[in-house]
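K.L.:
Quick note: the sequence shown uses full-length UniProt numbering, first residue 1, plus one each step. C-beta: ideal position from N, C-alpha, C; glycine also. Right, I'll just put the structure down here and ask away after.
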Amino acid sequence: MYQLDPVNAAFAAKIASSPSPHETGNCQQAFDNLEKLQKYEPAEDIQTETIEVSGKYGPTTVVLVRSKSLVNKSLSMVFYLHGGGYMMGSAKSFAVLLEDLARRTGAAIVFPEYTRVPYQTFPYQFHQSYEVLEYIVQHASQHQLLAETIALAGDSAGGHLAIGLTYLSLLQKLPAKIGHLLLWAPTTTYDTKLPSHETFKNAPFLSQASMKWMHDSFMPNEKDRKTPLASPLIYIPDELLAQFPPTVLFLSTIDPFVDEGVAFAENLPG
């Protein structure tokens with residue numbers, strides 16, 4: 001018998017009457033619904049700056065978040081990729097998390113607003129986000145950033161992206177070191193059914209039906225699912241996985257993705 005902790009149980013009860021993402025049948029409506037869940041007031045101790053990155057996949061809006069007490073210093077960076085099934089999430093709905101990360105780490109948080117589904121689908125978001133990462137590395141000093149070593153981080157679909165960017169950085173010889181990978185409940189395969197998918201098929205908000213709808217919307221071509229970017233758990237070669245940086249995964253027992261995270265962790269070096 002699985003039970004949510006009191007805080008998450010209260011949140012699940014609060015949203016129980018709201019439609020799950022797939023029940024909206026509309027990507028924009030799913031996005032709007034998630035935005036409405038977040039009540040946000042900017043923190044007085046945090047500075048937020050917005051830049052635009054041009055390129056083949058741009059222009060891309062990028063939000064830089066740092067503590068006001070550190071604005072005159074060049075800071076290490078956490079490059080954060082947000083979750084939301086590639087169709088939900090924004091700098092606004094993730095602002096509290098970004099501010100807390102900046103406050104607790106003393107780093108600058110770099111947050112690309114990658115193009116959401118349905119406006120682009122796989123693999124656009126990977127190449128767009130990698131383009132931003134390359135730009136940030138090349139222009140770090142202009143934004144008071146230190147780019148010799150970078151931490152990549154992400155949750156859910158954003159964790160999927162962070163794994164993909166680590167893979168691309170090895171393939172394309174990014175002129176900076178990915179020194180750490182931080183993953184919250186990452187998606188790691190679009191090509192395999194695992195027990196937790198079935199065990200938690202009726203999970204609050206993220207039901208099996210919603211997962212399928214989001215997966216199909218993001219990756220409509222079945223052949224794409226048998227690739228390293230789509231399913232890193234299965235298709236990233238061992239010789240590249242061996243070069244992955246130290247990685248921390250945060251997993252929840254009551255999560256459809258938990259088996260994906262455990263299996264991916266078991267594939268990593270160390």
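If we count Cβ pairs, one from each stretch, closer than 8 Å, do we get three or more for the stretch 46-65 versus the stretch 181-194?
P.N.:
At 8 Å Cβ cutoff, the stretches do not touch.
K.L.:
Mind checking which residues open and close the alpha helix (DSSP H) that includes residue 128?
P.N.:
Per DSSP, residue 128 belongs to the alpha helix (DSSP H) from 124-138.
K.L.:
So who's on the other strand from residue 254, going by DSSP bridges?
P.N.:
None, per the DSSP bridge assignment.
K.L.:
Which residues does DSSP pair with residue 79 in a beta bridge?
P.N.:
Partner(s): 110 and 152.
K.L.:
Buried or exposed for residue 202, going by 16 or more other Cβ atoms inside 10 Å?
P.N.:
Exposed is the call here.
K.L.:
So, residue 122 versus residue 205, is the Cβ gap smaller than 8 Å?
P.N.:
No, the pair does not count as a contact, with Cβ atoms beyond the cut-off.
K.L.:
Identify the residues that DSSP records as bridge partners of residue 180: which are they?
P.N.:
151, per the DSSP bridge assignment.
K.L.:
Are residue 228 and residue 167 closer than 8 Å when you measure CB to CB?
P.N.:
For residue 228 and residue 167, yes; Cβs fall inside 8 Å.
K.L.:
May I ask you to report which of helix, strand or coil DSSP gives residue 103?
P.N.:
Helix, per DSSP.
K.L.:
Kindly indicate which three-state DSSP category residue 163 falls into: helix, strand or coil?
P.N.:
Three-state DSSP puts residue 163 in a helix.
K.L.:
Could you round the C-beta distance between residue 147 and residue 136 to whole angstroms and report it? I think they count as a contact, below 8 Å.
P.N.:
Rounded, the Cβ-Cβ distance is 7 Å, consistent with contact.
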